[in-house]
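Novice: Numbering (UniProt numbering), first residue to last: 1 to 394.
All C-beta atoms, glycine included, are put in the ideal place defined by N, C-alpha and C.
For clarity, every value in this text was computed on a predicted model and none was experimentally measured.
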Ligand SMILES: Nc1nc2c(c(=O)[nH]1)N[C@H]1C(S)=C(S)[C@@H](COP(=O)(O)OP(=O)(O)OC[C@H]3O[C@@H](n4cnc5c(N)ncnc54)[C@H](O)[C@@H]3O)O[C@H]1N2
Ligand code: MOO
């Protein structure tokens, strides 16, 4: 009897079971882009640290309006006017300058005439105070970034403003990529007609880096059980995750599953209700996780997106959810039921609608490269034009 195919949800559950972060390290901000925070960042100081002017102009007391005002000093950014404003006084202030004590408004310079130490308003000022109070962005001690946050450019700027020069981030998972098959050759050479370029491993390596993993090893293995078994033993000692490509199906040369088991790995499941990508399998060798992608390039890329991405999300501490959340958008055209497995169509978004690639062939890379998301369609369900379909960004 043929093994029943696991649903994607159940496959994810089993793949993620027991997986977690792998360690932490401290990094200077300039090296932390794309890493994941391991600890909360509490602000070491408030921002702004004092009330600051939002404009170039004159600091005054509202009660003294409409003036005129006696000019008593200057407050450029970084050099505050020491002292408080008395009745009828003003201080020339610049954007970012500390607002003097007792001032409660800045009048923009465009409506002030300055002459002989006196400032006179030429028109009525707007209601805006043009003062940013101390702590407007965040207060001292505020938790400005939470553990699990992806360090984007904005998050790094925020950490710097909170006076952190280094951050504690999670260790990147060490990931080995293994492609397999006698027919595969690297790009850039002079391939024979029967040879195939090892395209999938480049896509998978790029995906892994994009999702926060570190590709620590790339291997191409020939269809030789002893050699694959030997490599499987070696890799299990040096990688947190091994991603294999190909050799997953039922052909006589589809050796990978057998080789990893021979090397001591325990297979957790094989076969999922996903098209393209049915032969996906998962095993564990001690603490090392193995994700077995099918060899057809689109199958490899789609199953990596559906299963390896959430796993890397868990290993880096971001959480799997960031890679499983989908959006909904209307279909540009009707889809008849695919009549078999749950299908993840390659789709491009144009003018707010999802355009599904009609060639569902799992060997094709052109439609995948043109796609921006994957659209899910259960095997027995037709979808009418305009249906709000589930779309997972690629
Ligand atoms: N009798 C059956 N045959 C197949 C079944 C099945 O259920 N019964 N499943 C099919 C499905 S679905 C898929 S998907 C493929 C996947 O098979 P494998 O994972 O064993 O992949 P390979 O046989 O090694 O290769 C398939 C295809 O992809 C090319 N390939 C492999 N690796 C790469 C790579 N790194 N870059 C580019 N292209 C690659 C390889 O040359 C083959 O053409 O099995 C079906 N068969
Ligand atoms: O699952 Mo296979 O990926 O349909 O060709």
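Which parts of the segment 236-291 are runs of the alpha helix (DSSP H), unbroken and 4 residues or longer, counting only runs that do not cross its ends?
Specialist: 256-262
Novice: With 16 other CB atoms within 10 Å as the buried threshold, where does residue 93 fall?
Specialist: buried
Novice: So residue 88 packs on residue 69, CB below 8 Å; how close in whole Å?
Specialist: 6 Å
Novice: Can you tell me whether residue 391 is buried or exposed, with buried defined as 16 or more other CB within 10 angstroms of its CB?
Specialist: By the neighbour-count rule (16 or more Cβ atoms within 10 Å), residue 391 is buried.
Novice: Would you check if the segment 211-230 and the segment 256-266 touch, i.e. whether three or more CB-CB distances between them fall below 8 Å?
Specialist: Output reads yes: the segment 211-230 touches the segment 256-266.
Novice: In chain order, what are the residues with a CB under 6 Å from some non-hydrogen atom of ligand 2?
Specialist: 275, 276, 277, 278, 294, 296, 299, 362
Novice: Which same chain residues, not among the five before or five after residue 359, have their C-beta less than 7 Å away from its C-beta?
Specialist: Result list for residue 359: 367, in chain order.
Novice: Among 154, 187, 216, 382, which one has its Cα closest to the Cα of residue 176?
Specialist: 216
Novice: Name the one or two DSSP bridge partners that residue 346 has.
Specialist: 374
Novice: Determine the DSSP secondary structure at residue 35, reduced to helix, strand or coil.
Specialist: Residue state, collapsed to three classes: coil.
Novice: Rounded to whole angstroms, what is the Cα-Cα separation between residue 374 and residue 75?
Specialist: 56 Å
Novice: Out of 333, 198, 13, which one is the CA nearest neighbour of residue 222?
Specialist: 198
Novice: Leaving out the 5 sequence neighbours to the left and right, which residues in its chain are closer than 6 Å to residue 236 when beta-carbon positions are compared?
Specialist: 285, 288
Novice: Using the Cα positions of residue 317 and residue 41, report the straight-line distance between them to the nearest angstrom.
Specialist: 15 Å
Novice: Excluding sequence positions up to five away, which residues of its chain have a Cβ less than 6 Å from the Cβ of residue 83?
Specialist: none
Novice: Buried or exposed: residue 393, going by 16 or more other Cβ atoms within 10 Å of its Cβ?
Specialist: When all chains shown are included, residue 393 counts as exposed.
Novice: For residue 324 and residue 146, what's the separation of their Cα atoms in angstroms?
Specialist: 20 Å
Novice: Let me know the secondary structure DSSP gives residue 172 once reduced to three states.
Specialist: Looking at residue 172 - three-state DSSP - the assignment turns out to be coil, as it is neither helix nor strand.
Novice: Is there contact here, the segment 145-164 with the segment 180-191, by at least three beta-carbon pairs under 8 Å?
Specialist: no
Novice: Please confirm if the segment 8-22 is in contact with the segment 107-118, defined as three or more CB-CB distances below 8 Å between the two stretches.
Specialist: no
Novice: Which residues does DSSP pair with residue 90 in a beta bridge?
Specialist: 71
Novice: Would the beta-carbon of residue 263 be found less than 8 Å away from any heavy atom of ligand 1?
Specialist: Set against 8 Å, the gap from the CB of residue 263 to the closest heavy atom of ligand 1 is not smaller.
Novice: State the Cα-Cα distance for the pair residue 133 and residue 320, rounded to the nearest angstrom.
Specialist: 39 Å
Novice: Can you tell me where the alpha helix (DSSP H) with residue 302 in it begins and where it stops?
Specialist: 297-303
Novice: Check for me: the beta strand (DSSP E) holding residue 24 runs from which residue to which?
Specialist: First-last of the beta strand (DSSP E) with residue 24: 24-28.
Novice: Cβ of residue 184 within 8 Å of any heavy atom in ligand 1?
Specialist: Yes, the Cβ of residue 184 comes within 8 Å of a heavy atom of ligand 1.
Novice: Beta carbon of residue 51, beta carbon of residue 98: below 9 Å?
Specialist: Closer than 9 Å, so yes.
Novice: Can you give, in chain order, each stretch of the alpha helix (DSSP H) that sits fully within the segment 177-230 and has at least 4 residues?
Specialist: 200-211
Novice: Would you kindly check if the distance between the Cβ of residue 311 and the Cβ of residue 344 is under 9 Å?
Specialist: The answer is no: Cβ separation not under 9 Å.
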